[in-house]
Amino acid sequence: MEFLTNPLSLLILLSAASGLALLAVPPEKDGALKGLALAATLLIFFVSLKLYSGFDPAQTAMQFQLDKAWLPSFGINYLLGIDGISLLMIMLTTLLMPIAVLASFNYIKESRRGYYACLMFLEASMIGVFAALDLFAFYLFWEGMLIPMYFLIGIWGGPRRIYAALKFFIYTMAGSVLMLVAILWVVSAHHAATGAWTFSLPALYGGALTEQAQFWLFAAFALAFAVKVPLFPFHTWLPDAHVEAPTAGSVLLAGVLLKMGIYGYMRLAVPLFPVAALEFAPWLAGLGVFGIIYGSLVAWTQKDMKKMVAYSSVAHLGTVMLGIMAFEQSAVSGAVLQMVNHGLSTGALFLLVGVLYERRHTRMIEDYGGLAKVMPAFSAVFLVVTLSSIGMPGLNGFIGEVLVLFGSFRVYPWLAGAAVSGVILSAVYMLGMYQQVIFGPLRHTENKVLPDLSVREWLYLAPLLIFIVLIGVWPNPFLRRAMPAVNSYISLSRQQTAPAPAVVKIALGGEKTQ
Amino acid sequence: MEGNYYPLLKWILLAPLAGFAVNGLFGKKFLGEKAGGIIGALAIFIAFIFAALSFSDLLNLPAENRLLRDTLYSWISTGTFSVDAAFRFDPLSAVMALIITGVSFLIHVYSIGYMHGDAGYNRYFAYLNLFVFFMLTLVLADNPLVMFVGWEGVGLCSYLLIGFWYEDPEKATAGKKAFITNRVGDAGFLLGLMLLSALLAFNGVFSMDFATLEAKAPLLTSITVLGIGAPTLICLLLFFGATGKSAQFPLYVWLPDAMAGPTPVSALIHAATMVTAGVYMLARLHFLYELAPRALEVVMLTGCFTAFFAAVIALLQKDIKKVLAYSTVSQLGYMFMAAGAGAFSASVFHLATHAFFKALLFLGAGSVIHGMSGEQDMFKMGGLRKEMPYTFLLIGAGWLAIAGVPGLSGFYSKDLILEKVFEHGGHFVWGAGVLTAAMTAFYTTRLFVLTFLREKRGHGHAHESPLLMTLPMAALGVLALAGGFLLKDRLLAFLEPAAAHGVEANPEAARLMFISVAAGLSGIAAAFLLTLPKTAAALKRAVPQLHDLVYHKFYVDEIYGFLIIKPLRFISDKVLFQLVDAGLIDGVIVNGSASASYSAGKALAKAQNGRLDIYALVFAIGVALMLYWVI
Numbered sequence: 011m012e013f014l015t016n017p018l019s020l021l022i023l024l025s026a027a028s029g030l031a032l033l034a035v036p037p038e039k040d041g042a043l044k045g046l047a048l049a050a051t052l053l054i055f056f057v058s059l060k061l062y063s064g065f066d067p068a069q070t071a072m073q074f075q076l077d078k079a080w081l082p083s084f085g086i087n088y089l090l091g092i093d094g095i096s097l098l099m100i101m102l103t104t105l106l107m108p109i110a111v112l113a114s115f116n117y118i119k120e121s122r123r124g125y126y127a128c129l130m131f132l133e134a135s136m137i138g139v140f141a142a143l144d145l146f147a148f149y150l151f152w153e154g155m156l157i158p159m160y161f162l163i164g165i166w167g168g169p170r171r172i173y174a175a176l177k178f179f180i181y182t183m184a185g186s187v188l189m190l191v192a193i194l195w196v197v198s199a200h201h202a203a204t205g206a207w208t209f210s211l212p213a214l215y216g217g218a219l220t221e222q223a224q225f226w227l228f229a230a231f232a233l234a235f236a237v238k239v240p241l242f243p244f245h246t247w248l249p250d251a252h253v254e255a256p257t258a259g260s261v262l263l264a265g266v267l268l269k270m271g272i273y274g275y276m277r278l279a280v281p282l283f284p285v286a287a288l289e290f291a292p293w294l295a296g297l298g299v300f301g302i303i304y305g306s307l308v309a310w311t312q313k314d315m316k317k318m319v320a321y322s323s324v325a326h327l328g329t330v331m332l333g334i335m336a337f338e339q340s341a342v343s344g345a346v347l348q349m350v351n352h353g354l355s356t357g358a359l360f361l362l363v364g365v366l367y368e369r370r371h372t373r374m375i376e377d378y379g380g381l382a383k384v385m386p387a388f389s390a391v392f393l394v395v396t397l398s399s400i401g402m403p404g405l406n407g408f409i410g411e412v413l414v415l416f417g418s419f420r421v422y423p424w425l426a427g428a429a430v431s432g433v434i435l436s437a438v439y440m441l442g443m444y445q446q447v448i449f450g451p452l453r454h455t456e457n458k459v460l461p462d463l464s465v466r467e468w469l470y471l472a473p474l475l476i477f478i479v480l481i482g483v484w485p486n487p488f489l490r491r492a493m494p495a496v497n498s499y500i501s502l503s504r505q506q507t508a509p510a511p512a513v514v515k516i517a518l519g520g521e522k523t524q
Numbered sequence: 172m173e174g175n176y177y178p179l180l181k182w183i184l185l186a187p188l189a190g191f192a193v194n195g196l197f198g199k200k201f202l203g204e205k206a207g208g209i210i211g212a213l214a215i216f217i218a219f220i221f222a223a224l225s226f227s228d229l230l231n232l233p234a235e236n237r238l239l240r241d242t243l244y245s246w247i248s249t250g251t252f253s254v255d256a257a258f259r260f261d262p263l264s265a266v267m268a269l270i271i272t273g274v275s276f277l278i279h280v281y282s283i284g285y286m287h288g289d290a291g292y293n294r295y296f297a298y299l300n301l302f303v304f305f306m307l308t309l310v311l312a313d314n315p316l317v318m319f320v321g322w323e324g325v326g327l328c329s330y331l332l333i334g335f336w337y338e339d340p341e342k343a344t345a346g347k348k349a350f351i352t353n354r355v356g357d358a359g360f361l362l363g364l365m366l367l368s369a370l371l372a373f374n375g376v377f378s379m380d381f382a383t384l385e386a387k388a389p390l391l392t393s394i395t396v397l398g399i400g401a402p403t404l405i406c407l408l409l410f411f412g413a414t415g416k417s418a419q420f421p422l423y424v425w426l427p428d429a430m431a432g433p434t435p436v437s438a439l440i441h442a443a444t445m446v447t448a449g450v451y452m453l454a455r456l457h458f459l460y461e462l463a464p465r466a467l468e469v470v471m472l473t474g475c476f477t478a479f480f481a482a483v484i485a486l487l488q489k490d491i492k493k494v495l496a497y498s499t500v501s502q503l504g505y506m507f508m509a510a511g512a513g514a515f516s517a518s519v520f521h522l523a524t525h526a527f528f529k530a531l532l533f534l535g536a537g538s539v540i541h542g543m544s545g546e547q548d549m550f551k552m553g554g555l556r557k558e559m560p561y562t563f564l565l566i567g568a569g570w571l572a573i574a575g576v577p578g579l580s581g582f583y584s585k586d587l588i589l590e591k592v593f594e595h596g597g598h599f600v601w602g603a604g605v606l607t608a609a610m611t612a613f614y615t616t617r618l619f620v621l622t623f624l625r626e627k628r629g630h631g632h633a634h635e636s637p638l639l640m641t642l643p644m645a646a647l648g649v650l651a652l653a654g655g656f657l658l659k660d661r662l663l664a665f666l667e668p669a670a671a672h673g674v675e676a677n678p679e680a681a682r683l684m685f686i687s688v689a690a691g692l693s694g695i696a697a698a699f700l701l702t703l704p705k706t707a708a709a710l711k712r713a714v715p716q717l718h719d720l721v722y723h724k725f726y727v728d729e730i731y732g733f734l735i736i737k738p739l740r741f742i743s744d745k746v747l748f749q750l751v752d753a754g755l756i757d758g759v760i761v762n763g764s765a766s767a768s769y770s771a772g773k774a775l776a777k778a779q780n781g782r783l784d785i786y787a788l789v790f791a792i793g794v795a796l797m798l799y800w801v802i
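Chain order of the listed sequences is A and B. Counted the way the numbering used here counts, the first sequence spans residues 11 to 524. Counted the way the numbering used here counts, the second sequence spans residues 172 to 802.
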C-alpha cells in the first residue's frame with residue numbers, strides 16, 4: 011500500500027491512472043473527457059499541495075522517501091524522494107497541468123481522448139523525473155516523457171508538425187543514448203569498486219571515479235542535458251517544436267520540459283562527477299551567457315510570436331545555466347527560482363499567443379496591432395507577463411535575475427557582467443513585440459471585432475498572474491524551501507576541491523585577506 | 172539598528188498604490204471620470220499629509236539624529252544576499268518626498284481639467300498614481316535594491332505615459348525608446364551594484380542598507396579593479412545609470428521624444444521628479460562619491476557638457492515642449508555640475524527650485540496647447556497675452572525664475588552652483604556654466620516672446636484654461652518666485668546640519684554673482700532683439716550650416732541609429748539568425764546529417780525488415796560496443 015500512501019508515488023500513479031481512465035471514456039463524449047481531464051489535474055494539484063505543506067524547509071535530507079525493491083539482482087529500486095528543488099519543480103508541473111487542460115478546450119478539436127490521455131501520461135512521467143532517485147527509474151521516466159510529447163506535437167501540431175516532432179525526438183534521443191551509456195558505466199564502476207549493484211543516486215554520489223572517467227561521463231550527461239536546456243548550439247529543435255506544438259504543448263514544453271535539462275545537471279551530472287563539473291563549469295556558464303545574448307538578438311528578428319518566445323527561452327535558460335554553474339548560494343537559489351519564473355512567465359506568454367491564435371489563426375506579429383483598443387484586459391495581462399519576462403522589479407523575474415547576476419558576479423565577474431546585457435536586450439525584443447501587437451492603429455479589419463478575454467481564459471491566466479506578483483513581492487517562502495537543497499548541491503560539487511570563492515578574489519583583482 | 176522605528180512611513184507609499192489599484196481595477200466602468208480624478212488626486216493628497224506629518228516629527232528630533240525607519244519584512248534572503256523591504260526618512264528623503272507629493276498633487280488637480288473628456292481618463296490617473304508610488308519608493312528606500320525597484324518602476328510608468336495615446340505609433344515608439352534607453356543606463360547601475368555587493372561580500376558584509384554602506388564604504392578604498400580604484404569604478408557605473416534616468420549625455424536622447432506624452436506628464440515626470448532621480452541617487456550615495464574624486468570629476472564634466480550642449484539645441488527649437496525638454500536636460504546638467512563639485516546640497520536645492528519653475532513652465536505650455544487646441548509650434552502662436560492673461564502672467568513668472576533674475580528661485584540655486592563650481596571645477600567649467608545661463612535666458616525669453624508677445628500669427632481663437640488648471644499653476648508660480656528666497660538657508664541647513672555653520676563666504680562670491688546676472692540679462696536682451704523676424708532671418712542666412720546643424724540637434728539620433736542600431740540589427744538578422752542559426756546549425760549540421768543518414772539508410776534499407784526484436788538486438792549490441800570501447 012505504500013505506493014498509494016507515499017504522496018510522490020500517489021501523484022505519479024494518479025496521473026497515469028487518469029490517463030488510462032480517459033482512454034476508457036467513449037470518444038464522442040466531449041464534455042466527459044474535458045471534465046475528467048480537468049478534474050484529474052485539479053485533484054493532482056490539490057494532492058501536491060499536501061506535499062508542499064508537509065515539506066520541512068529546514069531538513070537537508072530527501073523527504074517523502076519511498077524505497078521498494080524493483081529488480082533487486084541489478085540493484086534497481088523504485089526509489090523516490092524530493093528536496094526543495096524537486097518540490098518546486100513538481101509544484102510548477104501540477105500547477106501548469108490544469109491550466110494546460112483548460113487552454114485546450116477549444117483548441118483541440120480532433121481525437122480529444124488520445125490528447126488528454128497524452129497530457130496525463132506526460133504529467134506522470136514529468137513528476138516521475140523530478141521524484142526519482144534511482145538512475146534506472148529516472149531514465150525510464152525521462153524517456154517516457156518523450157513519447158507523449160512526440161505525439162502532442164506530431165498529431166495535434168501545426169502544418170510542419172511531423173518535421174518538428176521528429177526533430178525534437180531525434181535531438182533528445184541522441185542525447186539520451188549517451189546518457190544511458192554513461193549511467194551504465196557509472197553503475198558498473200561502482201560495482202567494480204564495491205562489489206554491489208546499485209542504481210541509487212545517493213549511494214552513487216561521491217563515488218571514486220578517476221578524473222579522466224569523470225571527464226567523459228560528465229561530457230555525456232552534459233550533452234544530453236544541454237539539448238534539453240537548450241544550450242547554444244543545441245537549441246534549434248526548440249523553435250520548431252514550439253511553433254508546431256499546440257498551445258498546451260508549448261506551455262508544458264517551456265514550463266516544465268526545459269527545466270529537465272537544468273534539473274539533470276543539478277541532480278545527476280554535477281554531484282556525480284564533481285571534479286569534471288568544476289572543470290566544465292566556466293565553459294557551460296559561458297555557453298549560458300552566450301545563449302543570453304544570442305537568444306535575445308535572434309528573438310529580436312523573429313516575425314512569428316511563438317518563435318520569438320522560443321528564442322527568448324534560450325536566453326532565459328542561459329541565465330539559469332550561469333546561475334547553477336557558479337556554485338554560489340545566491341546564484342544557485344536564484345537559478346532555481348528562475349526556473350519557476352520562466353515556467354510561469356513563458357507559460358503565460360504561450361497561453362496569450364494561444365488566445366490570439368484561437369481568434370485569428372495566425373501567430374505573425376504583423377497581423378496584429380492596436381489590440382489595446384479592442385482587448386484592453388488582454389493587453390493589461392500581456393503587459394504584466396511581458397514585464398515579468400524582462401525582469402521588472404516587483405515581479406517574479408527580477409528576483410531570480412538579480413540573485414543569479416549578483417551571485418555569479420562573485421565567481422565569474424566577466425560572464426555575469428556580460429549577462430547584464432540581457433537586461434537591455436530583453437526589453438528591446440519584448441517591448442518591440444508588445445508595441446507592434448498592442449499599440450498603434452487597428453490596421454487589420456479582422457481585428458476590429460476581436461472579443462476580449464473570456465471567463466475560461468481568465469481562469470487559466472489568473473493563477474499565473476497571482477504567482478508572478480507573489481514571487482516578486484515575497485519570494486522568501488520559495489527561496490527558503492530551496493535553500494537546503496541548494497546548499498547540498500554546492501557542497502556536493504565542492505567535494506575534493508578547494509572552495510570556489512578563493513578564485514574570485516584573484517579574478518577581481520582584489521587583494522583583501524580571507 | 173540606528174534610526175527610530177516609524178510605522179507611519181509605509182502609508183506615504185500605500186496611498187498612491189491604493190489609488191492606482193482603485194482606478195486601475197474599477198476605472199472606467201464603475202467610477203467614471205469625476206470620481207476617478209478625485210480619487211487620483213486624493214490619494215496623492217493623503218500621501219502628502221503623511222509626508223508632512225513625518226516631516227514635522229523629523230524636525231522635532233535633534234539635528235544629528237534625524238532618521239526614521241520602517242522595515243516591513245525581509246524581501247530577498249539567501250545565505251549570501253539579503254535585502255529588506257525597508258524605508259527611511261531622513262532630511263534628504265524628506266525634501267524629496269515633500270517635493271514629489273506636493274508637486275504631484277498640484278499636477279493631479281491640473282490633470283483633472285487637462286484630461287477632461289479623454290477616453291483613457293481613468294487609465295491616466297491609475298498610471299499617474301502608480302508613478303508617484305514608484306517615485307516615493309525610490310526616494311524612501313533604505314537600500315539600493317529597493318531604490319532600484321522605484322528606479323525601474325518610474326521608468327515603466329514613464330513608458331506607459333509617454334505612449335499614453337498608443338494609437339499613434341510615433342508616440343508608442345517614443346515610449347519604447349525612453350524605456351530602452353533607460354534600460355541601457357540601468358544595466359550600468361546594476362553592474363555598479365553588483366560590483367559593490369561583491370566587494371563588500373568578500374569583506375563579510377552581506378547587507379546593503381545605506382547605513383551599512385556608509386559605514387563600510389571605506390573598506391573599498393584599498394581595492395583596485397581593472398586598474399582603477401573600486402569606489403571610482405562603482406561610482407562611474409552608477410553614474411552611467413544616472414545619465415539614463417536623468418537624461419545626461421550620452422543617454423539624453425529619449426527625453427525630447429518623451430514630450431509625446433500628455434503635457435502634465437512632462438511636467439511631473441520629465442521635469443520635476445523622475446528625471447531628478449539620478450541627482451537624488453548621487454546625493455544619497457554621496458559618501459561613496461566622496462571616496463572617488465575622479466568619478467566626481469567625470470560627473471561634473473558630463474553635467475557641464477550636457478548643460479551647454481542641450482542649451483545650444485534649445486536655442487532654435489520651434490516646438491514649445493521641445494524647448495522645455497532640452498531646457499530640462501540642460502538644467503539637470505547644472506545639478507550634476509554641482510554634485511560633481513561635491514556640493515550635493517546645492518544640487519538638491521536646484522532640484523527643488525527647478526521642480527517649481529519647470530513644472531510651472533510645462534503646465535503653462537500645456538495650458539497654451541490646451542487653449543490652442545493642440546498646437547505646439549511657437550511660430551503659429553504669438554500675441555496670446557490678451558486671450559490667456561493668467562497663463563501669460565504665470566509663464567512670465569516661470570520665465571523670469573529660470574532666467575536667473577535676482578530674487579527669484581532660479582537665481583539663488585543657479586548662483587550657488589556656479590559659485591561651488593568655481594571653487595572646485597576651475598574657470599573653464601564655470602565659464603561654460605555662465606554661458607549656459609546666458610543661453611537659458613535667451614531661449615526662455617524667445618519662448619515667451621514668440622508665444623505671448625507681438626502680433627498674433629495663428630488662426631482661430633485661443634481660450635483661457637479653467638480654474639482647475641490655473642490654480643495649481645498659481646501655487647507653483649508662488650513657489651517659483653519666492654521658493655528660492657524662502658528655502659535657501661533653511662534647506663541647506665536642514666540637509667547638512669554639520670556643514671551649515673562655519674562655512675566661509677567666498678570672497679569672490681559677489682563678483683561671480685554679478686557676472687552670472689549680467690549674462691542672464693544679456694541673454695534676455697539678445698532674445699528680444701533676435702526674435703524679430705528680420706534679424707532672425709538675417710542670422711539664419713549668415714550661418715546656414717551651423718543653423719541646420721543645431722536645428723537638427725547635431726544629428727545625434729541619426730548617428731546612434733547608424734552606429735549602433737543598424738549594425739546590431741544586421742548582425743542579429745543576417746549573421747546570427749540567417750547564417751548561424753538557420754544556415755549553419757540547422758541547415759548544414761542538423762538537416763545535413765539527417766539527409767546524409769537518409770541516403771545511408773537507403774543503402775541499408777535491406778537491413779530494415781521491420782522486425783522489432785532485431786532492432787532491439789542491434790541497439791543492445793551497439794550500447795555494449797560503446798561501453799566496451801569507452802571502458
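Even for Gly, the Cβ is constructed at its ideal location relative to N, Cα and C. Given the structure is predicted, the values throughout are model-derived calculations rather than measurements.
When Cβ-Cβ separations below 8 Å define contact, Arg-277 of chain A makes no contact with chain B. Under the 10 Å beta carbon count, Lys-342 of chain B is surrounded by 16 or more other beta carbons and is classified as buried. Under the 8 Å criterion on CB atoms, Glu-338 of chain B is classed as interfacial with respect to chain A. Looking at the backbone, the Cα of Phe-55 of chain A and that of Leu-20 of chain A are separated by about 12 Å.
Counting only the Cα atoms, Thr-311 of chain A lies some 11 Å from Val-746 of chain B.
For the segment 109–123 of chain A, no residue has a beta-carbon sitting nearer than 9 Å to a beta-carbon of chain B. At a beta-carbon threshold of 7 Å, none of the residues of chain A lie near Asp-380 of chain B; the nearest stands roughly 15 Å away. Its Cα nearest to that of Ser-498 of chain A, the residue A:Pro-212 stands out among A:Pro-212, A:Leu-435, A:Ile-375, A:Met-440. Take Phe-228 of chain A, set aside five residues on each side of it, and the residues of its chain with a beta-carbon closer than 7 Å to its own are Ala-279, Phe-283, Ala-286, Ala-287, Phe-290, in chain order. Those residues of the segment 306–320 of chain A placed with their C-beta closer than 7 Å to a C-beta in chain B are Leu-307, Val-308, Trp-310, Thr-311, ordered along the chain. In the three-state reduction of the DSSP assignment, Ala-633 of chain B falls in the coil class, being assigned neither a helical nor a strand state. Look at Arg-625 of chain B here: in three-state DSSP terms it is coil, with no helix or strand label.
Note on Met-107 of chain A: 16 or more other CB atoms within 10 angstroms of its CB, so buried under the neighbour-count rule.
Interface annotation for the segment 242–257 of chain A against chain B: Pro-243, Thr-246, criterion Cβ-Cβ distance under 7 Å. Considering only B:Phe-335, B:Met-445, B:Ala-222, the residue with the shortest C-alpha distance to Gly-321 of chain B is B:Met-445.
Taking 8 Å as the threshold, the shortest C-beta distance from Phe-319 of chain B to chain A falls below it. Considering only B:Gly-174, B:Ala-265, B:Ala-431, B:Leu-587, the residue with the shortest C-alpha distance to Ala-608 of chain B is B:Leu-587. Nearest Cα to Glu-590 of chain B within the set B:Gly-578, B:His-632, B:Leu-624, B:Ala-681: B:Ala-681. The C-alpha of Ile-270 of chain B lies about 8 Å from the C-alpha of Ala-526 of chain B. Taking the beta carbon of Ser-248 of chain B as reference, the chain A residues within 7 Å of it are Asn-486, Leu-489, listed in sequence order.
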